[in-house]
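Each remark here refers to the structure printed beneath this line.
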Amino acid sequence: MNISDVAKKTGLTSKTIRFYEEKALLTAPLRSENGYRSYNAHHIEELTLLRQARQVGFTLDECRELVALFNDPLRHSADVKARTMQKVKEIEVHIEELKEMRQRLLALAEQCPGDSGADCPIINNLAGCCHSETATPLNDAPHVKA
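If you read the sequence shown in UniProt numbering, its first letter stands for residue 1, the second for the next number, and so on.
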């Protein structure tokens, strides 16, 4: 199978497939005599795994580990589950950070009159200055760790 056929079957672009190959995220395809990559059904499975793992938040390094586990006939499902549960914990932390960011933005928006005037507590707070009498310093608003 050529790369355009694989792209259609996996929902990935040819560029993404080449990138994954360059980063050693999938088994290297054989090359035909003319130098073209030749993919098989196993490559489709690896690329589908990569696409879906990326969609649920796994990093490229984590995807590399998942593909290695996929290709390991002696893998333990406990290893896959552990990685999945770790990703769930990371997502839960990120959700909490997003909630804090939302609250901070809502607090800033509440301080802004939203009129035709130039005075804007939102901009002043984000810039770290307090030209507005109603601006609440950034330290008083909930914030997210860097």
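Glycine included, each C-beta is placed from N, C-alpha and C at the ideal position. Treat the numbers as computed from the prediction; the structure is a model and nothing was measured.
Taking contact to mean 3 or more Cβ pairs, one atom from each stretch, closer than 8 Å, check whether the region 101 to 110 and the region 68 to 77 are in contact.
Flag = no, the region 101 to 110 and the region 68 to 77 do not touch.
In this structure, what does DSSP give as the bridge partners for residue 30?
As a working note, residue 30 is residue 30 in the sequence shown. Paired residues: 38.
Can you tell which of 113, 2, 111 has the C-alpha that lies nearest to the C-alpha of residue 34?
For the purposes of this step, residue 34 is identified with residue 34 of the sequence shown, where counting begins at 1. For residue 34, the closest C-alpha among the options 113, 2, 111 is that of 2.
Within its chain, find whatever has a CB closer than 7 Å to the CB of residue 16; leave out the 5 residues flanking it on each side and keep chain order.
The residue given as residue 16 occupies position 16 in the sequence shown. Answer for residue 16: no residue qualifies.
Near residue 63, which residues of its chain fall below 7 Å by C-beta distance, leaving aside the five closest residues on each side in sequence?
In the sequence shown, the residue the question calls residue 63 occupies position 63. Hits under 7 Å: 25, 50, 53, 54.
Straight-line CA distance for residue 144 to residue 40?
Residue mapping note: residue 144 aligns to position 144 of the sequence shown, counting from 1. Residue mapping note: residue 40 aligns to position 40 of the sequence shown, counting from 1. Bear in mind that the predicted position of residue 144 carries a pLDDT of just 49, short of 50, making it unreliable; the figure below should be weighed with that in mind. Cα to Cα, residue 144 sits roughly 45 Å from residue 40.
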